[in-house]
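Note sheet for the following structure.
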Amino acid sequence: MTVPADWPTTAEAARAEQERLRPLVVPEGPEPPRRPGTLIAGVDVAYDDERDVVAAAAVLLDYATLDVVEQVTAVGRVAFPYLPGLLAFRELPAVLDALSRLTRTPDLIVCDGYGLAHPRRLGLASHLGVHTGLPTLGIAKTPFTFTHEPPGDRRGDWSPLLDGPETVGRAVRTRQGVKPVFLSVGHRIGLPEATAVTLALTPSYRLPETTRRADSLCRRALAATVPAP
DNA sequence: GCGACAG
DNA sequence: ATCTTGTCGC
């Protein structure tokens, strides 16, 4: 899980890379085991553009208990600006760095963002799946450019996430009466299982434990890197 | 051409 | 993402 030497630095190069990677995406591939002992990884990144510093975190949870079994961080330089549709090029270098520090290989990685639900069908989660070869799933907090009917009010209710007529993911209610999360498959997983995993990771909050844990960890890592004023 | 736009 | 206070509610 290392960053290629020819990592794109311009929007043009990044879009060209997405065109090249597209055939490798396998959203309906074989499903990994989701039994007790299965390891689910969560990754997230925090930025200090002012100082050009980025901190990534990777947490490993036991799927059955949701206990943290391992957690690592990586700090580096910001490699790419934020451009809608090209988030992977901004987040992945640091994420790959953090993942490489885990001593165990995750059975599934959950991303804070999209997978298939992407203008060119290659969001952050898809991109990470292609690079690592591991199953990935994207769980986002906003609908991005997609549309959806509000899902039912109960936890577990969901509705299709649409790009025009095409279903690219699901809006899933993880807490009764609370705004849904927006999930899409990344690599080697299908929507039904992605939905089940999402619900398993949200026993008490809207966002999955993987994202919550990784988010707080990378923020702490960033704060520890930047000297207080 | 002008907005909108995962994080 | 990040900047930011108090406030309502379980």
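Those letters in the first sequence? Residues 74 to 302, by our numbering.
Backbone N, C-alpha and C fix where the C-beta goes; we use that ideal spot for every residue, glycine too.
Query: Boundaries of the beta strand (DSSP E) in which LEU272 is found, first to last residue; Result: Counting along the chain, LEU272 falls outside any beta strand (DSSP E), though it belongs to the alpha helix (DSSP H) covering 264-273.
Query: Beta carbon of THR271 nearer than 9 Å to that of VAL245; Result: yes
Query: Rounded C-alpha distance that separates PHE255 from ARG261; Result: 18 Å
Query: Alpha-carbon spacing of ASP121 relative to VAL76, whole angstroms; Result: 21 Å
Query: First through last residue of the beta strand (DSSP E) which encompasses ARG150; Result: 141-150
Query: Pair within 9 Å by beta-carbon distance, PRO253 and GLY115; Result: no
Query: Closest residue to GLY186 among ASP180, LEU201, THR178, PRO179 (Cα-Cα distance); Result: LEU201
Query: Boundaries (first-last residue) of the beta strand (DSSP E) holding VAL132; Result: 126-135
Query: Meets three-Cβ-pair contact criterion under 8 Å: the region 160-170 and the region 125-134; Result: yes
Query: Separation of GLY237 from ASP230, as counted between CA atoms; Result: 21 Å
Query: CB-CB length for ARG174 against ALA147, believed under 8 Å; Result: 7 Å
Query: Distance between TRP80 and ALA152 (C-alpha atoms, nearest Å); Result: 9 Å
Query: Reduced DSSP category for VAL251 - H, G, I as helix; E, B as strand; rest coil; Result: coil
Query: Sequence-distant residues of its chain with Cβ nearer than 6 Å to THR193 (five each side left out); Result: According to the sequence provided, residue 193 is Arg. The question's Thr does not apply to it. Answer for ARG193: GLN91, listed in chain order.
Query: Alpha-carbon spacing of THR178 relative to THR209, whole angstroms; Result: 13 Å
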